[in-house]
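Residue numbers (our numbering): 187 to 535. Yeah, the Cβ is synthetic: ideal placement off N, Cα and C, and Gly gets one too. Owing to the predicted nature of the structure, the values given are computational and were not obtained by experimental measurement. Here is the structure we will look at.
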Amino acid sequence: MQEYFSMIESCWENSHLTNNGPLVQKLESELSDYLEAKNFLLTNNGTSALQLAIRALGITKEIITTPFSYVATTSSILWEHCTPVFVDISKDGYCIDVDKIEESITPQTEAILAVHVYGNPCDVMRIQAIADQYKLKVIYDAAHAFGVKVNGTPITNYGDMSTLSFHATKLFHTVEGGGIVTALDDIVENLKLLRAFGHKQDDHFILGINAKMNEFQAAMGLCNVPQIEDVRERRKLVSDYYDSELTTFEHVETLNVGADVYRNYAYYPIVLQNEQVCLRVQSELKAQGITTRRYFYPSLNTLPYVKYRSCPISEDICSRVLCLPLYSELSLDDAGYVIEKLKASLKSL
């Protein structure tokens, strides 16, 4: 905490609290290096990053997307006055089912917005091949995928843009915050304008919003950068322990991640027998002081303000998925307590 307070003191001393201050610039540089990004911009949160990506790419019509995500993925599409077209997910890995994308493409389709679910990468090569064939833009919601690599390449370097969330629940956080990675050099200046009201000093160029990260957020991020790998390793220990206890446990399905993936251990989801069991287990664990989360619920294609399109796999998985506690300070003893109570709850099945 003292390190954070010292950084905050520097903000008061130089009277620079926001508007692309020195701490924001330093954090952008450090994260750009860490992510091996050609271009990286910080934002005030991950939702703003999605909205800016859609706006910067000039997308105004249909966007093919997944129903298995946090609501921000869909709300960003709608907020930018675009139409989400939901494509169901794969049973193995829970990412968008690439085999079902082409049948959903229409003359109005302009982009694919896919999600690396729980840090498990989409099939980026096949998605890119489809996008190239139909001349579509590709945005990846990588809110769960900070630091993830496939065959040694950062997952955020695929597609036209990848967006990140640095919410306090994430592996790396700035309390609230987000970012955009893109290799498109010609779009970077527009992104900078879009996140800062569309103007530089007194010269106004385009319509923009206030999506800037402030110095207090950046200070937290700078304190956390040196801890990234240590946090990942501690989360890995807990995840590996959960795996050892649950991978062969007959009442639980666990996430299957490819051997070529350098994981970040963002979440530990389990899929139970049905929704009734899911709700019962959640309630019984809560009574034992264990907080789980129905993440994701509901399936986004069932939201009351979107056009419903059947996605049976997503709807099914959403009804029976729970994320177990997973954070860097969680001890193996406490993880053992979670497993003990989970198994006890499922014993009667």
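- Item | Per-residue burial, D309 [other beta carbons within 10 Å of its own, 16 or more giving buried] | By the beta-carbon neighbour count (other beta carbons within 10 angstroms, threshold 16), D309 is buried.
- Query: What is the DSSP secondary structure of V443, reduced to helix, strand or coil?
  - Reply: It is coil, neither helix nor strand.
- Item | C-beta contact flag for H267 and Y453 at 8 Å | Against a cut-off of 8 Å, the Cβ pair of Y453 and H267 comes out as no contact.
- Between the CA atoms of K533 and L227 - distance to the nearest angstrom: Using only the alpha carbons, I get a separation of about 49 Å.
- Query: Roughly how many whole angstroms lie between the Cα atoms of F552 and W198?
  - Reply: This structure cannot speak to residue 552, because the chain is shown only from 187 to 535.
- Query: For S491, which residues from the same chain have a beta carbon less than 8 Å from its beta carbon, with the 5 sequence-adjacent residues on both sides left out?
  - Reply: According to the sequence shown, residue 491 is Tyr rather than Ser. These residues qualify, in order along the chain: L264.
- Smallest Cα separation from Y280: which of A297, L299, Y304 and P270? Out of A297, L299, Y304 and P270, the CA that lies nearest to the CA of Y280 is found in Y304.
- Message: Out of F332, E289, R466 and L441, which one is the CA nearest neighbour of S316?
- Response: Strictly speaking, residue 316 in this sequence is Ile, with Ser absent from that position. Of F332, E289, R466 and L441, the residue nearest in Cα terms is E289.
- Message: For the pair the segment 426-434 and the segment 378-386, tell me if three or more CB-CB distances fall below 8 Å.
- Response: Not touching, per the Cβ criterion.
- Going by other Cβ atoms of all chains shown within 10 Å of its Cβ, with 16 needed for buried, is L203 buried or exposed? By the Cβ neighbour-count rule, L203 is exposed, with fewer than 16 other Cβ atoms within 10 Å of its own.
- May I have a chain-ordered list of the alpha helix (DSSP H) segments no shorter than 4 residues that lie completely inside the segment 231-285? Runs found: 232-242 and 257-265.
- Query: In terms of residues, what are the limits of the alpha helix (DSSP H) holding K323?
  - Reply: From DSSP, K323 is part of no alpha helix (DSSP H) but of the beta strand (DSSP E) over K323 to D327.
- Item | Continuous beta strand (DSSP E) stretch holding F226: start and end | That run of the beta strand (DSSP E) goes N225 to T229.
- Message: Can you tell me whether T355 is helix, strand or coil according to DSSP?
- Response: Of the three classes helix, strand and coil, the one that applies to T355 here is coil, per DSSP.
- Query: Where does D388 fall in DSSP's three states?
  - Reply: Correct three-state label for D388: coil.
- Task: At 4 residues or longer, and completely inside the segment 419-481: list those alpha helix (DSSP H) runs for me, N to C.
- Result: Counting only runs of at least 4 residues, the segment 419-481 fully encloses the following alpha helix (DSSP H) elements, listed from N- to C-terminal order: 461-473.
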